[in-house]
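Counting with the numbering used here, you get residues 985 to 1116 for the letters of the sequence shown. Note that the Cβ used here is the ideal one computed from N, Cα and C, for glycine as well. These numbers were taken from a predicted model, which means no experiment stands behind them. Right, one structure below, let's go through it.
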Amino acid sequence: MGKASLFYKKGKWYFAVTIKIEAKKTTNSNLMGVDIGLRQLAVASVKNPHGKEINRQFYNGKQAGFIRKKYRMLRKKLGQSKKIKAIKNINDKEQRRMTDLNHKISRQLINLLCCDGPVGQVSAARRKKCRA
């Protein structure tokens, strides 16, 4: 058994419990780990059963930072001009571009997962759709 805590936040009570579970043994030949961060949006690493790294991919956050900064400056400029409706439209566009960027990164991670051999539980249909 782990640790339990009771706390009050924004008018609601929360009870958090941590537990330990044993990791399942896998029969897969390769393992993939993904680290998510701010400077590097994602770092994926594929290792074989002996612990040797087969492949590593970095997805940096420069493009995301550029998109955020561009739209922040545009919102500031429109706000000074009191163009509220234009600000809302700009925000929608920013959200769509960020969603698209996140989708592209996740698609590349799935392709890496599919194309580097059997890693985890990836369906056969997903493997067929694997793009290089």
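A direct Cα-Cα distance of roughly 43 Å separates residue 1096 from residue 1063. Membership of residue 989 in any alpha helix (DSSP H) is not indicated; the residue belongs instead to the beta strand (DSSP E) covering 988 to 993. Rounded to the nearest angstrom, the gap between the Cα atoms of residue 1030 and residue 1092 is 14 Å.
Among the bridge pairs identified by DSSP, residue 1019 is matched with 1027. With a cut-off of 8 Å on Cβ pairs, the segment 1036 to 1056 is in contact with the segment 1071 to 1083, counting three or more such pairs. By the Cβ-count criterion, residue 1028 is buried, with 16 or more other Cβ atoms from all chains shown falling within 10 Å of its own Cβ. For residue 996, the enclosing beta strand (DSSP E) stretches over residues 996 to 1001. Pairing residue 1004 with residue 986 gives a Cβ-Cβ distance under 8 Å. Where residue 1038 is concerned, the enclosing beta strand (DSSP E) starts and stops at 1037 to 1044.
In this structure, residue 1013 keeps its C-beta atom at 8 Å or more from the C-beta atom of residue 1039. According to the DSSP assignment, residue 1078 belongs to the alpha helix (DSSP H) that extends over 1068 to 1099.
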